[in-house]
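Structure, as structure tokens:
Protein chains in written order, with this note's numbering: chain A, 17 to 234; chain B, 17 to 234.
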């Protein structure tokens with residue numbers, strides 16, 4: 017069993033704390049904005065990718081705005097089932113929020129096909145039609161961000177997003193869709209460039225939820 | 017709407033094809049093993065991270081072995097709900113397989129706490145106790161890989177894994193746990209180093225499923 021001796025012994029309950037120690041150490045003297053630091057570190061924890069120390073862009077007070085919204089019972093809408101699945105719904109429910117996701121709705125697929133748009137774009141319209149305060153969390157589809165941008169430009173949303181988490185990943189219009197959001201006067205957390213994903217989206221939501229609970233982690 | 021003019025017009029149905037074209041172009045003359053190429057490209061598609069062109073390690077014929085297993089109706093066990101959520105279960109079901117995940121079982125948490133091990137380690141034991149051929153897909157917990165390694169070394173599995181997808185992410189024992197699997201005589205696809213995740217795990221499964229269906233994508 018010699019190979020197993022190479023493992024560091026860390027109790028299950030301590031693995032996350034130890035991981036954050038390593039992340040902090042490796043970030044070294046890199047200057048993170050203290051207001052957003054836990055969000056950035058949780059994304060690095062989720063991806064093992066230190067690029068996010070540079071990629072993540074926060075509008076003024078975005079973290080505090082997201083935390084306040086969650087505390088007030090704000091719900092979250094996601095563009096993928098996978099992001100919905102990764103969000104800590106137990107903590108969210110404690111504040112009164114829930115996760116909405118319309119991607120599996122049969123009529124969303126039909127409508128998207130008929131109109132020649134993506135399902136994700138239709139899902140953003142469904143979310144807006146809920147007519148309630150929401151945090152919009154986009155981990156996959158740039159077309160969802162573009163549709164959000166259009167609706168905001170058209171003044172078509174009775175409840176503009178409390179916060180947009182704009183972290184789609186990919187190669188077609190991903191960079192551009194995120195720049196659209198960065199230029200809007202709406203609170204946002206955006207992963208600039210091509211990188212992102214449902215895991216990053218969920219990690220950002222969970223960081224906000226743990227800050228809202230006053231826990232580093234639960 | 018001048019900002020929107022910067023977007024490339026791509027029909028929804030063509031976005032993925034266009035993304036793969038860009039990935040192939042940017043890989044340039046980098047030599048990927050043709051047998052595993054579609055798996056590597058799908059992981060890059062999911063992460064926008066070209067590191068995976070170097071990080072992904074395939075044991076001999078791992079892709080073909082995974083594809084054959086899926087075609088024969090092999091089921092998949094994952095260490096996170098998020099990976100389970102990202103796998104194309106419609107295609108999997110067509111071959112007769114399903115996704116198992118034990119992380120939410122109440123007695124798993126209780127047993128893990130009592131024994132001082134992680135829930136993920138207990139989940140691997142639950143999977144082994146199903147006594148059937150399985151593809152083990154680990155996107156989060158190195159402790160799941162370590163427990164798999166131990167069970168295999170102890171000869172404690174009536175059905176050794178058809179394939180191990182070992183792509184946990186993180187900082188504590190992640191690198192080491194993946195090396196344990198690389199040294200085993202069991203078919204495996206491993207993301208060497210710290211990177212990986214539930215999204216990478218699901219992407220690898222989906223690449224195998226699309227190869228099994230004879231489709232580049234569905």
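All C-beta atoms, glycine included, are put in the ideal place defined by N, C-alpha and C.
Check, Outcome
"Cβ of residue 119/B within 8 angstroms of any chain A Cβ", "no"
"Coil, strand or helix - residue 74/B by DSSP", "strand"
"Where residue 94/B sits in the DSSP three-state scheme", "strand"
"Residues near residue 229/B in its chain [Cβ-Cβ closer than 7 angstroms; skip 5 each side]", "107"
"Min CB distance residue 94/B to chain A below 8 angstroms", "no"
"Short Cβ contact (8 angstroms threshold) for residue 67/A with residue 155/A", "no"
"Reference residue 122/A; option with closest CA among 148/A, 203/A, 135/A", "135/A"
"Burial state of residue 194/B (16 or more Cβ within 10 Å)", "buried"
"Start-to-end residues for the beta strand (DSSP E) that takes in residue 179/A", "179-182"
"Below-8 angstroms beta-carbon distance, residue 71/A vs any chain B residue", "no"
"Proximal residues, the region 163-187 of chain A versus chain B, C-beta separation under 9 angstroms", "165, 166, 169, 185, 186, 187"
"Cut-off 6 angstroms between Cβ atoms - residues of its own chain near residue 48/B, not counting five sequence neighbours on either side", "56"
"DSSP three-state assignment for residue 145/B, whether helix, strand or coil", "coil"
"Listed by chain order, chain A residues near residue 215/B by CB distance under 8 angstroms", "98, 213, 214, 215"
"8 angstroms Cβ cutoff, residue 102/A in contact with chain B", "yes"
"Residue 215/B vs residue 213/A beta-carbon contact at 8 angstroms", "yes"
"Best match in 22/B, 41/B, 103/B for proximity to residue 152/B [C-alpha to C-alpha]", "103/B"
"Nearest candidate by alpha-carbon position, reference residue 63/B, set 224/A, 207/A, 79/A, 221/A", "207/A"
"Residues near residue 52/A by beta carbon distance below 6 angstroms, same chain, minus five either side", "74, 79"
"Under 8 angstroms between C-beta atoms of residue 83/A and residue 196/A", "no"
"Local Cβ density within 10 Å of residue 65/A, reported as buried at 16 or more and exposed below that", "buried"
"Spatially closest choice to residue 137/A from 25/A, 164/A, 170/A, by CA coordinates", "164/A"
"Chain-ordered neighbours of residue 22/A on chain B, where CB pairs are closer than 7 angstroms", "192"
"Rounded C-alpha distance that separates residue 86/B from residue 98/B", "20 angstroms"
"DSSP beta-bridge partners of residue 99/B", "Note: residue 99/B sits in no beta bridge, so no partner."
"The region 23-32 of chain B in contact with the region 177-194 of chain B per 3-pair CB rule at 8 angstroms", "no"
"Contacts that residue 132/A makes with chain B (C-beta to C-beta distance below 8 angstroms)", "27, 28"
"For residue 207/A, the three-state DSSP class (helix, strand or coil)", "strand"
"Residue-chain proximity (residue 34/A, chain B), Cβ-Cβ < 8 angstroms", "yes"
"Inter-residue Cα distance where the pair is residue 34/B and residue 188/A", "7 angstroms"
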